[in-house]
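Residue numbers (our numbering): 7 to 287.
C-beta atoms are modelled at their ideal positions from N, C-alpha and C, and glycine is treated no differently.
Only a predicted model underlies this, so the values are computations on that prediction, with no experimental measurement involved.
Comments concern the structure below.
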């Protein structure tokens, strides 16, 4: 049985992560890091902190610019024991608020390309994700043929002294825009990403109230990037009126359960629901 969560500092918020909650303190003299639970937490928190992929394949063009705000709901396996590293009270979802900017740029290839920079805040926490994507349009602008783009990105979480979290993504989108009355456009899209998650801990004090005892410090085993790949399927719809763009979409993550999970060996589906508002210039 995992030890009870240690007292949190006054500044801690409900969704902040305290890894001492994943330390087995059955024997107070020799606390043990629960590495299985740590892997489960790292994978799901990594998916929450990786920006959703609800966007069309169409790029901004070499001189274009896109700025938008994202609001997302995330439903993870909050009944699993590893989420005890979060605030004690049960909350059935997490919410994130993000800001992203896309700008076209020129590569030495005859294809449209763009770079994206963004940040995402996990609401009710001190956790922030900072990242970047590069996208390349394989096909764009043909009247009867869908737009196709590929992309790759990297993201890093900051705001937690105990946990170091990095995610890498690679995938693509297919979409097709339909103009209505000149100034209105609807663009349905579907996309796929592979998401790799890497997590490691610094030294975790299993009993931070006892500052004189250094024997209760533990370090969790590294969750390596290469061994933690998950699939993400995305679909949604973007509506553009003049320069204002509103996008709604869903991400579905397919994740292998951790050892001891109630799901057995079947893949689990984790959901993300996103609405985005922005301007296209």
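- In the three-state reduction of the DSSP assignment, residue 82 falls in the coil class.
- The DSSP-derived three-state label of residue 232 is helix.
- No Cβ-Cβ contact shorter than 8 Å links residue 254 with residue 75.
- Between residue 276 and residue 82, the C-beta spacing is below 8 Å.
- Straight-line spacing of the CA atoms in residue 281 and residue 256 works out to 9 Å.
- Rounded to whole angstroms, the separation of the alpha carbons of residue 181 and residue 196 is 6 Å.
- CA-to-CA, the gap between residue 226 and residue 86 works out to about 18 Å.
- In the three-state scheme derived from DSSP, where H, G and I count as helix and E and B as strand, residue 226 is classed as coil.
- When DSSP states are grouped into helix, strand and coil, residue 31 belongs to the coil group.
- Residue pairing from DSSP places residue 278 in a beta bridge opposite 80, 257.
- Between the alpha carbons of residue 23 and residue 208 lies a gap of roughly 13 Å.
- By the beta-carbon neighbour count (other beta carbons within 10 angstroms, threshold 16), residue 44 is buried.
- By the C-beta density criterion, residue 200 is exposed, having fewer than 16 other C-beta atoms within 10 angstroms.
- Comparing alpha-carbon positions, the option among 155, 160, 60 lying closest to residue 79 turns out to be 60.
- In the three-state scheme derived from DSSP, where H, G and I count as helix and E and B as strand, residue 153 is classed as strand.
- As a beta-bridge residue in DSSP terms, residue 244 pairs with 193, 253.
- Rounded to whole angstroms, residue 184 and residue 155 show a C-alpha spacing of 18 Å.
- 248 is the residue among 248, 19, 130, 57 whose C-alpha sits nearest the C-alpha of residue 187.
- By alpha-carbon distance to residue 198, the top candidate from 62, 30, 90, 252 is 62.
- Linking residue 56 to residue 135 through their CA atoms gives a straight-line distance of about 8 Å.
- Of the residues assessed, residue 171 falls on the buried side of the cut-off, its CB having 16 or more other CB atoms within 10 angstroms.
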